[in-house]
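Position 125 (the sequence shown) corresponds to 125 in this note's numbering; numbering is contiguous. Ideal Cβ placement from N, Cα and C applies to all residues, glycine included. If you're wondering where the values come from, they're calculated on a predicted model, not measured in any experiment. So the structure is just underneath, and the comments pick up after that.
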Amino acid sequence: MMHRKEVIIGALLFAVCVRVMLGVNPHSGFSKKPMYGDFEAQRHWKEITINLPTDQWYVNGTDNDLMYWGLDYPPLTAYHHFLVGKVFEKVHPPSVSLHESRGNEDKQTLLLMRSSALISDCILFILPVLLLHNIFHFERLTLSLLFAVDLLVIDHVHFQYNHISLGLMLLALITFKVKKPFFSVLCFLLSVSYKQIALYYSLTFVVAVIRDFAFGSLGSFMACAAGVIVVAATVFLPFHSTIFDVFARIFPFYRGAFEDKVASFWCIITPVFDIRQFKKGPILATALTVVCSLIPITLLFKRHQRHHRFQQLTKALFLQALTFFFFSYQVHEKSILYPSLMVHFILYNASDAEKYKLLPYWFLWSLFSMSPLLLTKDIVYGAFFGLYILSIFMHIILQSKVNTAALCTSVAVHLVCIVLMIFGHKPITLPWIYDYLISGLSFAYFGLVYIEITYHDLLSSREQCVIKK
């Protein structure tokens, strides 16, 4: 029988190989002029950051047309693209030459882009996963994170760098667990500074830090506060003259409540109420999000759970992130990656594996919810179905008990909907009908999971937490 160490090493090597193999698939917007897709956006940001001064990165101008994939992530993303762009410039200048590199999809550029995602994933996501394993020795959790299928398909097929923000969030959780509040807050702030969607965690995370550390050591709390100020100032100081332009790009309310068909509350109720047509839509969405955030925050203070604070935190962060996904303004399908990160932690709690009947199928549904993007726009059938099968396999080997009927039902529903989406007749007046069906079913599943966790962990008095190893 293989030792646990050998299993982890083998899984690590296979995880890297999977990432490499996914990189041979077509990327988002492949050969689709004039805008291409997210792959071109990530390449274009390297072009902009290495060729223009910082005060022009977020400002519309002759050399920076914001309508063509203008930079709309926080400054830490911009600094990352600047550093990687400098490497590109040395290795293959045509990949980032100003104006002339638009839509560049030659082999060298593709190789550089895919390599940059692989390297950053290994350093800033896989290494934190291994650190988590070395500290806590949660084998199932480690394997689950290494093969996070929804993250793999977005970052290594569609093409983004979500693993950087999520890897920093992993480090925030690790340092929180080992009672290093300063480093925990620092890593969380860096995660937000890389991608603003990490703000999905913000309310609950801040309350948890205050709950656990503010009243125990005034020095630690003051150090955290000082660290926040210093990091924020360092990240944003180069943009002091264009700070309002930066925030206007980071929080693009002008784009509407959601993009395409997404499994959010506002998208699903569109036939009844279209928040995009409501002048105070952003205010309404923000108010509802804040009110609903009281549920996960309340979970942090459930008395009979106080000796299981880390488990509490991951559940509360999941509910918090899902709340933002449901109700916040300007949501896209890829935002589901942020609630998904916490599911890895929740699933590998022994008592939770028994009491949660719906949650174990999360990753199948997460992948399914993004199928309109991946199968009708990116058209990556091989990668999608390969990862879907991998998700089923991981579900079977990581779960102590497998409900075959529930698993087969989920798979059957997904396959029927996907076949309809690809081959079904679409009415001229409702060309999005099957995308909407997929979003509606995904929303229903996510909502039921939200209710399930809220019931068991906030309303139920039972709590037994034993970590699977």
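- Our two residues, ALA285 and ILE9, have alpha carbons roughly 45 Å apart in a direct line.
- Distance from the CA of GLN160 to the CA of ALA226, rounded to the nearest whole angstrom, comes to 32 Å.
- Annotated as proximal: PRO128 and LEU171, with beta-carbon spacing under 7 Å.
- Relative to the Cα of MET21, the nearest Cα in the group ASP155, VAL272, TYR73 belongs to ASP155.
- DSSP, read as helix, strand or coil, puts VAL380 in coil.
- Contact between the stretch 137-149 and the stretch 383-399 is present: three or more C-beta pairs spanning the two stretches fall below 8 Å.
- GLY61 has ASN64 as its beta-bridge partners, per DSSP.
- Beyond the five residues adjoining it in sequence on each side, ASN51 comes within less than 6 Å, by CB distance, of LEU98 in the same chain, given in chain order.
- Comparing C-alpha distances from ALA223 to each of PHE182, TRP57, ILE243, PHE244 shows the shortest one belongs to PHE182.
- Here the alpha carbon of GLU100 sits roughly 14 Å from the alpha carbon of THR62.
- The Cβ atoms of PHE205 and HIS163 do not sit closer than 7 Å to each other.
- Excluding five sequence positions before and after LEU420, the CB atoms of its chain that fall closer than 8 Å to its own CB belong to TYR434, LEU437, given in chain order.
- With contacts defined by Cβ atoms closer than 7 Å, TYR329 and PHE265 do not form a contacting pair.
- For THR376 and ILE422, the gap between their C-alpha atoms comes out near 7 Å.
- When ARG43, ARG140, ASP121 are compared, the shortest CA-CA separation from PHE345 is found for ARG140.
- In the three-state scheme derived from DSSP, where H, G and I count as helix and E and B as strand, LEU98 is classed as coil.
- For ASP72, same chain residues with a beta-carbon under 7 Å away, outside a window of 5 residues either side, are ARG249, ILE250, PRO252 in chain order.
- Using a 10 angstroms sphere on the CB of ILE48, the tally of other CB atoms reaches 16 or more, which defines it as buried.
- The stretch 187-202 makes contact with the stretch 312-322; the number of CB pairs closer than 8 Å reaches 3 or more.
- Runs of the alpha helix (DSSP H) lying entirely within the stretch 248-295 and spanning at least 4 residues, in chain order: 265-268, 281-292.
- The distance from the Cβ of LEU300 to that of GLN312 is about 6 Å, consistent with a contact at the 8 Å cut-off.
- Contact annotation: SER369 and ILE336 have beta-carbon atoms nearer than 7 Å.
- Taking the C-beta atoms as reference points, THR175 is found no nearer than 7 Å to VAL59.
- Here DSSP, grouped into helix, strand and coil, assigns ASP106 to coil.
- Runs of the alpha helix (DSSP H) lying entirely within the stretch 217-251, each at least 4 residues long, are 218-236, 243-250 in chain order.
- Residue environment analysis places ARG19 among the buried positions, since at least 16 neighbouring C-beta atoms fall within 10 angstroms of its C-beta.
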